[in-house]
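Participant: Residue numbers (the numbering used here): 1 to 269.
A virtual CB, placed ideally from N, CA and C, is assigned to each residue, including glycine.
All of these numbers come straight from a predicted model, not from anything done at the bench.
Supplied in structure tokens, the structure appears directly below.
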């Protein structure tokens with residue numbers, strides 16, 4: 001996307017790479033929080049939708065991901081990632097003082113975004129969770145029970161019904177294509193418990209979007225986490241047949257329309 005800007009912040013565990021997609025005379029700020037093994041550069045299309053909707057969009061590469069420092073896909077403590085995302089929010093607020101801030105977290109980024117909302121009440125105008133790792137996600141417990149983590153990368157076909165998405169994912173050098181790592185799995189287990197016990201987000205408007213054929217983060221487990229997190233101001237959109245990456249799915253125009261409609265309702269208040 002033309003006009004994308006690059007920033008570098010000093011994070012909790014080294015340099016953090018940040019992308020900014022500017023908007024002309026923005027009315028709000030949108031913070032994108034990416035998922036496990038990927039990076040913010042995969043969010044060009046959703047960033048374009050949001051800038052077209054009047055948002056100045058920012059997204060960082062988490063530690064161990066993308067262009068940021070750290071051993072690949074090692075996150076020893078998700079609280080550090082939340083702190084890094086907060087630094088991105090501060091960067092955005094300094095550039096756009098007084099504008100409402102919305103956060104969109106996908107998959108692992110949904111876990112980070114949920115924890116952010118718990119740690120920083122009152123800072124967000126809206127929270128959007130896409131296929132979030134929250135609630136009862138059994139994968140890390142199952143892998144940790146093994147003596148050795150199997151070298152089984154994410155299947156590109158599990159991401160979207162659009163074959164081009166899987167092809168691009170498999171060819172992306174900034175995507176991690178190796179096994180999950182034990183410190184990250186342990187951090188997932190701890191943070192799932194922390195979020196589950198961290199209380200709800202009160203009146204914060206929450207949009208939850210999920211595919212009912214999500215094989216990476218199954219719908220029923222996420223539902224328990226979302227319902228615990230929500231303070232009652234919940235909008236839910238479940239898409240039949242959709243897989244994990246809703247912003248890259250074959251029905252993404254529908255998903256984007258639901259997203260912008262939700263933001264319109266929130267920001268009009």
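DSSP state of residue 169, grouped into three classes?
Facilitator: Reduced to three states, the DSSP call for residue 169 is helix.
Participant: Within the same chain, show all residues whose beta-carbon is closer than 7 Å to that of residue 177, passing over the 5 residues directly before and after it, in chain order.
Facilitator: Excluding positions up to five away in sequence, the list reads 153.
Participant: Expressed to the nearest angstrom, what Euclidean distance is found between the alpha-carbon atoms of residue 217 and residue 140?
Facilitator: Rounded to whole angstroms, residue 217 to residue 140 spans 11 Å at the Cα level.
Participant: Does the beta-carbon of residue 61 have 16 or more other beta-carbons within 10 angstroms, so that it is buried, or is it exposed?
Facilitator: Under this definition residue 61 is a buried residue.
Participant: Check this for me: beta carbons of residue 20 and residue 5, under 7 Å apart or not?
Facilitator: Taking 7 Å as the Cβ cut-off, residue 20 and residue 5 qualify as a contacting pair.
Participant: With respect to the alpha helix (DSSP H) encompassing residue 221, which residues constitute its N-terminal and C-terminal limits?
Facilitator: Taken as a continuous stretch (DSSP letters only), the alpha helix (DSSP H) holding residue 221 covers 219 to 229.
Participant: On the three-state DSSP scale, how would you describe residue 36?
Facilitator: In this structure, residue 36 counts as coil in the three-state DSSP scheme.
Participant: In the DSSP assignment, the beta strand (DSSP E) including residue 19 goes from what residue to what residue?
Facilitator: Taken as a continuous stretch (DSSP letters only), the beta strand (DSSP E) holding residue 19 covers 14 to 21.
Participant: Of the choices 243, 258 and 266, whose alpha-carbon is the least far from that of residue 159?
Facilitator: The residue with the shortest Cα to Cα distance from residue 159 is 243.
Participant: So residue 209 is in the beta strand (DSSP E); what residue range does that whole segment cover?
Facilitator: Unbroken beta strand (DSSP E) run through residue 209: 206 to 211.
Participant: Within a Cβ cutoff of 6 Å, which residues of the same chain sit near residue 46, ignoring the five residues on either side of it in sequence?
Facilitator: Here the set comprises 247.
Participant: Among the candidates 144, 124 and 89, whose CA atom is the shortest distance from the CA of residue 207?
Facilitator: Out of 144, 124 and 89, 124 has the C-alpha closest to the C-alpha of residue 207.
Participant: Determine the direct distance from the alpha carbon of residue 41 to that of residue 1, and round the result to whole angstroms.
Facilitator: Low confidence applies here, because residue 1 scores a pLDDT of 49, under 50, leaving its location unreliable; read the following figure in that light. Going by the C-alpha atoms only, they are around 10 Å apart.
Participant: Roughly how many angstroms lie between the CA atoms of residue 174 and residue 195, to the nearest whole one?
Facilitator: Cα-Cα distance, rounded: 29 Å.
Participant: Keeping to the same chain, check which residues put their C-beta closer than 7 Å to that of residue 251; ignore five residues upstream and five downstream.
Facilitator: Hits under 7 Å: 239 and 242.
Participant: Could you spell out where the beta strand (DSSP E) holding residue 237 opens and where it closes?
Facilitator: Unbroken beta strand (DSSP E) run through residue 237: 234 to 239.
Participant: Are the segment 125 to 145 and the segment 211 to 225 touching by the rule of at least three beta carbon pairs closer than 8 Å?
Facilitator: In short, these stretches touch, since the Cβ pair count reaches three.
Participant: Where do the N-terminal and C-terminal ends of the beta strand (DSSP E) with residue 5 fall, by residue?
Facilitator: It spans 5 to 11 - the beta strand (DSSP E) in which residue 5 sits, taken as one unbroken run.
Participant: Can you list, in chain order, the residues of its chain with a C-beta nearer than 6 Å to that of residue 27? Leave out the 5 residues immediately preceding and following it.
Facilitator: Only 54 meet the Cβ criterion.
Participant: Within the continuous beta strand (DSSP E) that includes residue 127, where are the two ends?
Facilitator: 126 to 130 is the span of the beta strand (DSSP E), which, as asked, contains residue 127.
Participant: Note down the Cα distance separating residue 170 from residue 183, rounded to an integer number of angstroms.
Facilitator: So the alpha carbons of these two residues sit roughly 24 Å apart.
Participant: With residue 106 as the anchor, note down where its beta strand (DSSP E) starts and where it stops.
Facilitator: It spans 101 to 106 - the beta strand (DSSP E) in which residue 106 sits, taken as one unbroken run.
Participant: Nearest by alpha-carbon distance to residue 211: which of 49, 236 and 87 is it?
Facilitator: Nearest option by C-alpha distance: 236.
Participant: Please work out which residues of its chain come closer than 8 Å, Cβ to Cβ, to residue 8, disregarding the five sequence neighbours upstream and downstream, and give them in chain order.
Facilitator: So the qualifying residues of the chain are 15, 16, 17 and 18.
Participant: Which term fits residue 259, buried or exposed, when burial requires 16 or more other beta carbons within 10 angstroms of its beta carbon?
Facilitator: It is buried - the Cβ of residue 259 has at least 16 other Cβ atoms within 10 Å.
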